[in-house]
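Chains as they are written, first to last, in our numbering: chain A, 2 to 357; chain B, 903 to 1000.
Please read the structure below before turning to the comments.
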Amino acid sequence: MTAHPHKPSFVFHIEGGTHDDHAVPATVLVQILENAQRAFELIGVHVEGRGIKERARVSAATSKRFQLICQLPKPGSYAMPVTVGGAGELFSVDSANKAFGIFRGVMEHVSARDTTNLSAVLPDERIRRRVLESIKGMAPRADAQWKLSLRDEQDISFATFDVKTIPFVEETLVPIEQREAARVVTGELKSIDFVERKVTIIYPPTSKDLVCFYEESVEDLLYEKRRDLIQVTGRVLLDEQGAPKQIIDVTDIRDLDLSALALDTFQHGTLTLRAEPALVLELTMDETKQLLCLENDELGIDVFSPTREALLAELHEQVGMLWREYAQSPDEELDARARLLKQALLARFSEVTHAA
Amino acid sequence: MPRKQGEVEKSLEAKGFQRAKGGDHNYFHYYSKAGKKTAVFTKTSHGARELDDSLLGRMARQCKLTRADFDRLIDCPLDRDGYETKLVAQGAVEAPPA
């Protein structure tokens, strides 16, 4: 390790994401570093004995004291060593070590899906919730092909974030009754009011303004660069015509990700199917801009859902259904078009049998 | 306007759709009048008791209908004979034997 001997250090190991084991997409690296930096700054505020007041931003001085400094990347999946703490008089080894200890503890508990001990490591709830939001940003989304492992100076992994991390953090942040009542609405960002914690979007089906009141922990998400269409998750209040008139208790605000999905394995229940070659499906939006859609006429695929994560789950489910209902049906039960579908499915997919 | 999931399911079953068996019971497949399972299917459960306009629009597409015709299918003016004629005309369903 090339790190400064007095500063705590650790390594981001990113596995998968490209065909080259020693490379990583720039967007993935930026996403991880940006959110890890934010987590450190928030922990830094706690270490310095201050709380996050309403709307308070991390000060420039704290930000500098708890800066992550990137070292030369190393081969072996993609390894990015970092040290904690900026240069100059502002730096304190004790504070950096304390912050790293808390960071490590939080990461360990999230990785282990352990909610009970999280508050002991980071008691300030406001800061903890915002750090958890940062972890959501560091973790791969549902269809990502990469995972992140955090390793200490002894090369011991103390946390691994995979596609199950974001659902776990969301369950931790949002109570089940609130999650069940929540809906996702997609709209064009019009304005942000930090004082009233209010985001206004234009709701495409009606072209009307839709005011969304967000929770404090979501605020950091708003500092990120937002593109035209964003997805807001919260409790939707409807007007007399059944159209959304306001969103309250907003727990998530995201850019809309319309990048293509590439998959070669589909799982639903005990069924596992392998596609050869892998399926690459382009995402489109429906006319109302509320649903993400995937279609493949030849294979009978036609799924839609408000979020990318739910769309992926729908896709796995539908491919399983197509296999059971068409590929495995006797020819005599199917009409001509359904028999063509059966042949297309059998040509593209094969069932993976698991060893007992 | 949103529609209740149960009402949509009932109408689909009255027009030749059959609920899939096993774990896929939210899928409804259209069976031709000749008794064959066709490649036309839709899914009715999307995590809410009511199906909003966005979902109904996509379900109409799965059923190879315009949104207006889908509403007519659910509300009854479009009967099974009329629906199957439309499906055959599009080539989505095998023509019945002469």
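For glycine and all other residues, C-beta sits at the position ideal for the given N, C-alpha and C.
Keep in mind the model is a prediction, meaning the values are calculated, not measured.
If I follow the unbroken beta strand (DSSP E) through residue i, where does it start and stop?
i	result
K945 of chain B	939-945
R152 of chain A	147-152
Suppose contacts are defined by Cβ-Cβ distances below 7 Å. Is residue i in contact with residue j by that definition?
i	j	result
A348 of chain A	K939 of chain B	no
D153 of chain A	F162 of chain A	no
G270 of chain A	G918 of chain B	no
A244 of chain A	T285 of chain A	no
G235 of chain A	A183 of chain A	yes
M108 of chain A	L151 of chain A	yes
A345 of chain A	L300 of chain A	yes
L73 of chain A	V83 of chain A	no
H1 of chain A	Q268 of chain A	Limits of chain A in this structure are 2 at one end and 357 at the other, which puts residue 1 of chain A out of reach.
V25 of chain A	S96 of chain A	no
F13 of chain A	G45 of chain A	no
E315 of chain A	V304 of chain A	yes
A922 of chain B	Y932 of chain B	no
K148 of chain A	E16 of chain A	yes
N36 of chain A	S135 of chain A	yes
D1 of chain A	R130 of chain A	Since the first residue shown for chain A is 2 and the last is 357, residue 1 of chain A is missing from the structure and cannot be characterised.
A936 of chain B	P979 of chain B	no
V59 of chain A	K8 of chain A	no
D336 of chain A	S934 of chain B	yes
V164 of chain A	A143 of chain A	yes
Q291 of chain A	T201 of chain A	no
E42 of chain A	S64 of chain A	yes
D258 of chain A	A279 of chain A	no
I103 of chain A	L133 of chain A	no
Strictly by DSSP, which residues pair up with residue i?
i	result
Q232 of chain A	A:T187, A:R255
V281 of chain A	A:A263
D210 of chain A	A:I203
T84 of chain A	A:S10, A:I70
N928 of chain B	The partner list for N928 of chain B (beta bridge, DSSP) is empty, contrary to what the question assumes.
V304 of chain A	A:L295
R921 of chain B	B:F930
G1 of chain A	Any property of residue 1 of chain A remains undetermined from this structure, which presents chain A solely from 2 to 357.
E952 of chain B	B:K906
V237 of chain A	A:I248
R275 of chain A	A:T266, A:S351
Y224 of chain A	BP columns for Y224 of chain A are empty, so no partner.
M286 of chain A	A:L293
L335 of chain A	B:K939
K65 of chain A	Bridge partners of K65 of chain A: none, in fact.
Y985 of chain B	Partner(s): none; Y985 of chain B has no beta bridge.
In the DSSP assignment, find the alpha helix (DSSP H) that holds residue i and state where it starts and stops.
i	result
V48 of chain A	27-48
R960 of chain B	955-964
V353 of chain A	Looking at the DSSP string, V353 of chain A is not in any alpha helix (DSSP H), and its letter there is neither H nor E.
Q319 of chain A	309-323
F195 of chain A	No alpha helix (DSSP H) holds F195 of chain A; DSSP gives it neither H nor E.
S158 of chain A	Premise fails: S158 of chain A lies in the beta strand (DSSP E), 158-162, not in any alpha helix (DSSP H).
G908 of chain B	907-916
R130 of chain A	126-139
Q329 of chain A	Neither: Q329 of chain A is in no alpha helix (DSSP H) and is coded neither H nor E.
D971 of chain B	969-977
E996 of chain B	Premise fails: E996 of chain B is in no alpha helix (DSSP H) and is neither H nor E.
N98 of chain A	94-112
T116 of chain A	That residue, T116 of chain A, is in no alpha helix (DSSP H); it is neither H nor E in DSSP.
E171 of chain A	166-174
E178 of chain A	177-182
- Message: Under 8 Å, CB to CB, which of the residues in the stretch 955-966 of chain B have a partner in chain A?
- Response: Residues passing the 8 Å Cβ filter: D955, S956, L957, G959, R960, R963, Q964.
- Give, in chain order, every residue of the stretch 26-51 of chain A whose Cβ lies closer than 7 Å to some Cβ of chain B. Within the stretch 26-51 of chain A, contact with chain B at the beta-carbon level (separation under 7 Å) is assigned to no residue.
- Determine which residues of the stretch 309-323 of chain A have a Cβ less than 7 Å from any Cβ of chain B, and write them out in chain order. Listed by position along the chain: M322.
- Query: Name the residues in the stretch 293-304 of chain A whose C-beta lies less than 8 Å from a C-beta of chain B; which are they?
  - Reply: From the stretch 293-304 of chain A, only C294, G301, D303 have a Cβ closer than 8 Å to chain B.
- Relative to chain B, which residues along the stretch 136-153 of chain A have a C-beta separation below 8 Å, given in chain order? Cβ contacts with chain B come from no residue of the stretch 136-153 of chain A.
- Query: In the stretch 925-943 of chain B, which residues sit with their C-beta less than 8 Å from some C-beta in chain A, listed in chain order?
  - Reply: When CB distances to chain A are screened at a threshold of 8 Å, the residues of the stretch 925-943 of chain B falling below it are G925, D926, Y929, H931, S934, A936, K938, K939, T940, A941, F943, in chain order.
- Message: At a CB distance below 8 Å, what residues from the stretch 325-351 of chain A approach chain B? Give them in sequence order.
- Response: Taking 8 Å as the upper bound on Cβ-Cβ separation, chain B lies near residues R325, E326, Y327, S330, E334, L335, D336, A337, R338, A339, L341, L342 of the stretch 325-351 of chain A.
- Residues within the stretch 907-918 of chain B neighbouring chain A, beta-carbon criterion of under 7 Å: Listed in chain order, the positions of the stretch 907-918 of chain B with a beta carbon within less than 7 Å of a beta carbon of chain A would be empty, since no residue qualifies.
- Which residues, in order along the stretch 205-224 of chain A, keep a beta-carbon less than 8 Å from a beta-carbon of chain D? The question asks about chain D, but that chain is absent: this structure's protein chains are A and B.
- Message: Short of 7 Å Cβ to Cβ, which residues in the stretch 179-197 of chain A face chain B?
- Response: Answer set for the stretch 179-197 of chain A: empty.
- Along the stretch 280-294 of chain A, what residues have a CB closer than 8 Å to any CB found in chain B? Of all residues in the stretch 280-294 of chain A, D287, E288, T289, Q291, L292, C294 have a Cβ within less than 8 Å of some Cβ in chain B.
- Query: Mind listing which residues of the stretch 963-996 of chain B have their C-beta closer than 7 Å to chain A's C-betas, in chain order?
  - Reply: The stretch 963-996 of chain B vs chain A, Cβ under 7 Å: Q964, A994, V995, E996.
- Message: Output needed in chain order: residues of the stretch 230-245 of chain A with a Cβ under 8 Å from some Cβ in chain B.
- Response: For the stretch 230-245 of chain A, which is checked against every Cβ of chain B, the residues closer than 8 Å are Q242, G243.
- Give, in chain order, every residue of the stretch 252-270 of chain A whose Cβ lies closer than 7 Å to some Cβ of chain B. Here the close residues are G270.
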